[in-house]
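Protein chains: 2
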Amino acid sequence: MPSQVEIVEVSPRDGLQNEATPVSTEQKVELINRAIAAGARRIEVTSFVNPKRVPQMADAEAVLAALPRNNGVSYIGLAMNGRGFDRALAAGVTEVNYVLVASDTFSQRNNGAPTIETLAGWAEVAAAAQTAKMPTSITIGASFGCPFEGEVPVGRVVEVAKRAADHGVDEIALADTIGVASPADVVERFAAVSAALPGIRLRAHFHNTRNTGIANAYAAVMAGVGVLDSSLGGIGGCPFAPAATGNIPTEDLVYMLNRMKIGTGVDLAAAIGAASWLEGIIGRRNPAMLGRAGIFPPPTNIQ
Amino acid sequence: MPSQVEIVEVSPRDGLQNEATPVSTEQKVELINRAIAAGARRIEVTSFVNPKRVPQMADAEAVLAALPRNNGVSYIGLAMNGRGFDRALAAGVTEVNYVLVASDTFSQRNNGAPTIETLAGWAEVAAAAQTAKMPTSITIGASFGCPFEGEVPVGRVVEVAKRAADHGVDEIALADTIGVASPADVVERFAAVSAALPGIRLRAHFHNTRNTGIANAYAAVMAGVGVLDSSLGGIGGCPFAPAATGNIPTEDLVYMLNRMKIGTGVDLAAAIGAASWLEGIIGRRNPAMLGRAGIFPPPTNIQ
Numbered sequence: 001m002p003s004q005v006e007i008v009e010v011s012p013r014d015g016l017q018n019e020a021t022p023v024s025t026e027q028k029v030e031l032i033n034r035a036i037a038a039g040a041r042r043i044e045v046t047s048f049v050n051p052k053r054v055p056q057m058a059d060a061e062a063v064l065a066a067l068p069r070n071n072g073v074s075y076i077g078l079a080m081n082g083r084g085f086d087r088a089l090a091a092g093v094t095e096v097n098y099v100l101v102a103s104d105t106f107s108q109r110n111n112g113a114p115t116i117e118t119l120a121g122w123a124e125v126a127a128a129a130q131t132a133k134m135p136t137s138i139t140i141g142a143s144f145g146c147p148f149e150g151e152v153p154v155g156r157v158v159e160v161a162k163r164a165a166d167h168g169v170d171e172i173a174l175a176d177t178i179g180v181a182s183p184a185d186v187v188e189r190f191a192a193v194s195a196a197l198p199g200i201r202l203r204a205h206f207h208n209t210r211n212t213g214i215a216n217a218y219a220a221v222m223a224g225v226g227v228l229d230s231s232l233g234g235i236g237g238c239p240f241a242p243a244a245t246g247n248i249p250t251e252d253l254v255y256m257l258n259r260m261k262i263g264t265g266v267d268l269a270a271a272i273g274a275a276s277w278l279e280g281i282i283g284r285r286n287p288a289m290l291g292r293a294g295i296f297p298p299p300t301n302i303q
Numbered sequence: 001m002p003s004q005v006e007i008v009e010v011s012p013r014d015g016l017q018n019e020a021t022p023v024s025t026e027q028k029v030e031l032i033n034r035a036i037a038a039g040a041r042r043i044e045v046t047s048f049v050n051p052k053r054v055p056q057m058a059d060a061e062a063v064l065a066a067l068p069r070n071n072g073v074s075y076i077g078l079a080m081n082g083r084g085f086d087r088a089l090a091a092g093v094t095e096v097n098y099v100l101v102a103s104d105t106f107s108q109r110n111n112g113a114p115t116i117e118t119l120a121g122w123a124e125v126a127a128a129a130q131t132a133k134m135p136t137s138i139t140i141g142a143s144f145g146c147p148f149e150g151e152v153p154v155g156r157v158v159e160v161a162k163r164a165a166d167h168g169v170d171e172i173a174l175a176d177t178i179g180v181a182s183p184a185d186v187v188e189r190f191a192a193v194s195a196a197l198p199g200i201r202l203r204a205h206f207h208n209t210r211n212t213g214i215a216n217a218y219a220a221v222m223a224g225v226g227v228l229d230s231s232l233g234g235i236g237g238c239p240f241a242p243a244a245t246g247n248i249p250t251e252d253l254v255y256m257l258n259r260m261k262i263g264t265g266v267d268l269a270a271a272i273g274a275a276s277w278l279e280g281i282i283g284r285r286n287p288a289m290l291g292r293a294g295i296f297p298p299p300t301n302i303q
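Quick note, the sequences are listed as chains L and Z, same order.
Heads up: the first sequence begins at 1 in the UniProt record's numbering, then just goes up one per residue.
Heads up: the second sequence begins at 1 in the UniProt record's numbering, then just goes up one per residue.
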């Protein structure tokens, strides 16, 4: 077992992008500041995409402008083409992420074109990021199954990863966008990508749709994946996938890792507090469990 | 990975024992029949304990009298002393289970005496079961943590298991009664008990209180545990532990195992149907996720 894993806090972007309740720029900034106070050091803060497609992210520049700087925190912005990258760079993101979708049907709905065609946008972003010396990551959506096509062959995921890596990338995330993976799928698919791209940094993105999200995170960590995405409270979803549910909850993930003596830098009580505050913003209970059950063992009572 | 694991369906007993809504004998019998129709072949059907302590199990004899026979299904009854065993035997259970609790404080609340003192009841049950040639199992509650004492040392769990095994037992279950375990705890504790009692059949009982239940089930299966408890819909709780939540849901567990090509004999669609019916009986949504998310890949559409 590793002594630590890195967590990417995705609640401000993947968590909120599908949220029907309007969330103000100030509230987003407070969420990010609460995540930082809880120990998050890599945060997916927003996306620089068409605001007509994803209205919750229309204030990307305003969010970035309000964030604290020189604090060791990396702010990840999503960009889907050269224009998005230019916006992200001007706004001051410190990392850029691009999403490819492994299956053509879902790629068409999410990215507006079949998978391989969307490599053109990545080529633009990758080239611009290299010029700007900005770290990059690729997320391969539907890496474990597609809501429209069903099973996605392992070879397809490997092919997409290799084609993406041809343009240079610092990290590749396999995303279980619709929450269908089992731990065996996780072990198999990360091993296949790792074998095809030796030395590439791997990251896992799980949704807890069929109750396997935390099991998949455990399997990923045991398989050597060093970076995990999660969201405070387990909020989230996908506007372009039916019945999508939230990311794995940061506090539940960190609880498990703490019990396994795997460090994350995240403070559980602060994470629970941030998730509880978020419930008030969104106006409903979030799916995370630790806040309701309580940390174990409980903090020592002061007599 | 094993090619199959055995599931013990515990919804009729551990699932319902803490239920505030009255559930009739007829409804319990229907639940058991639905579990059988879904493929369950070992079912914890009731307990033969003081009805003043656990009112939901007051109709133990009536439930047993109404069950189908000669169908290859094993009906497990809980008995906590010789008198309970005699009732179970007369009612026609085919297996008897006894619960020990690893921590003294919780044992006092659950069993009315500190752990080691409650071995006397087990000695009675074990002796009577041997005479009756009835298979036995021990469940060690709070094997991963106690709601009153906090951490429970691994050595304590091993000691309790060994003391229980001195009386002869066919199977030992380690129970995470309050849902605090991590997969690392699961691996460590089952290995320790297995090392102390080589060849004993091991069984895992998890509650999904802090979102680690399915991850723990995966870890148990990978560690060679061949029997897992679960409940349809994930219903359940414990009347003597604060903030206890349900067992791991049968359908979510089976979904994961199916995706890993590990057989259980359980039919997912039938299990989802039974859990949905159970929501109507109890009058609220159950915590299982598969029924809401849907089986993946979806059954082929008929054009």
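In this text, a Cβ means the ideal position worked out from N, Cα and C, and glycines have one as well.
Only a predicted model underlies this, so the values are computations on that prediction, with no experimental measurement involved.
| Asked | Found |
| --- | --- |
| As assigned by DSSP and simplified to three states, the class of residue 198 of chain Z | coil |
| Contact belief for residue 190 of chain L with residue 147 of chain L at Cβ below 8 Å, rounded distance in angstroms | Contact flag wrong, Cβ pair sits at about 22 Å. |
| Reduced DSSP secondary structure (H/G/I, E/B, other) of residue 17 of chain Z | coil |
| Any chain B beta carbon closer than 8 Å to residue 250 of chain Z | Although the question refers to chain B, the structure presented lacks it and instead comprises the protein chains L and Z. |
| Residues of its chain near residue 201 of chain L, where Cβ-Cβ distance is below 8 Å and the 5 sequence neighbours each way are ignored | 170, 171, 172, 226 and 227 |
| Residues from the stretch 271-294 of chain Z in contact with chain L, defined by Cβ distance under 8 Å | 288, 289, 290, 292, 293 and 294 |
| Residue 250 of chain L - DSSP class collapsed to helix/strand/coil | helix |
| Continuous alpha helix (DSSP H) stretch holding residue 48 of chain Z: start and end | Unbroken run through residue 48 of chain Z is the beta strand (DSSP E), 42-48; no alpha helix (DSSP H). |
| C-alpha distance - residue 267 of chain Z paired with residue 186 of chain Z, whole-angstrom precision | 27 Å |
| Residues that DSSP places opposite residue 79 of chain Z in a beta bridge | Z:48 |
| Spatially closest choice to residue 211 of chain Z from L:178, L:254, L:196 and L:40, by CA coordinates | L:254 |
| is_contact[residue 153 of chain L, chain Z] using C-beta, thresh 8 Å | no |
| Close Cβ partners of residue 54 of chain L (< 6 Å) along its chain, the five nearest in sequence each way excluded | 17 |
| Which of helix, strand or coil DSSP assigns to residue 157 of chain L | helix |
| Helix, strand or coil at residue 97 of chain L according to DSSP, with G and I counted as helix | strand |
| According to DSSP, residues forming a beta bridge with residue 141 of chain L | L:101 |
| Same chain only: Cβ atoms within 7 Å of residue 302 of chain Z, ignoring 5 sequence neighbours per side | Its pLDDT being 47, under 50, residue 302 of chain Z is placed unreliably by the model, and nothing is read from it. |
| Coarse secondary structure for residue 296 of chain Z, derived from DSSP in three states | coil |
| Integer-rounded CB distance, given that residue 181 of chain L should sit under 8 Å from residue 158 of chain L | With 8 Å as the limit, residue 158 of chain L and residue 181 of chain L do not qualify as a contact, their Cβ atoms being about 16 Å apart. |
| Contact between the stretch 59-72 of chain L and the stretch 120-129 of chain L (3+ Cβ pairs under 8 Å) | no |
| Alpha-carbon spacing of residue 97 of chain Z relative to residue 112 of chain L, whole angstroms | 58 Å |
| Simplified DSSP state of residue 67 of chain L, which is helix, strand or coil | coil |
| Assumed close pair residue 5 of chain L, residue 250 of chain L - CB separation to whole angstroms, cut-off 8 Å | The pair is not a contact, with the Cβ atoms about 12 Å apart (cut-off 8 Å). |
| Best match in Z:299, Z:293, Z:204 and Z:81 for proximity to residue 304 of chain Z [C-alpha to C-alpha] | One cannot answer for residue 304 of chain Z here, as it falls past the ends of chain Z, which runs 1 to 303. |
| Candidates Z:165, Z:121 and Z:84: closest to residue 198 of chain Z by CA position | Z:165 |
| Beta bridge counterpart(s) of residue 269 of chain Z as assigned by DSSP | BP columns for residue 269 of chain Z are empty, so no partner. |
| Same chain only: Cβ atoms within 6 Å of residue 95 of chain Z, ignoring 5 sequence neighbours per side | 74, 76 and 135 |
| Neighbouring residues, chain L, relative to residue 18 of chain Z (Cβ below 7 Å) | Per Cβ cutoff of 7 Å: no residues; residue 18 of chain Z is ~15 Å from chain L at best. |
| Three-state secondary structure assigned by DSSP to residue 23 of chain Z | coil |
| The ligand ATP heavy atom lying under 7 Å from the CB of residue 68 of chain L | With respect to small molecules bound, the structure shown includes none, and the ligand ATP cannot be examined in it. |
| Cα-Cα separation between residue 221 of chain L and residue 81 of chain Z, rounded to whole angstroms | 44 Å |
| Residue burial classification, residue 161 of chain Z (beta-carbon count within 10 angstroms, cutoff 16) | buried |
| Where the alpha helix (DSSP H) through residue 217 of chain Z begins and ends | 213-222 |
| Min CB distance residue 214 of chain L to chain Z below 8 Å | yes |
| Within-8 Å CB hit, residue 57 of chain Z to chain L | no |
| Opposing strand residues paired with residue 174 of chain L [DSSP bridges] | L:140 and L:204 |
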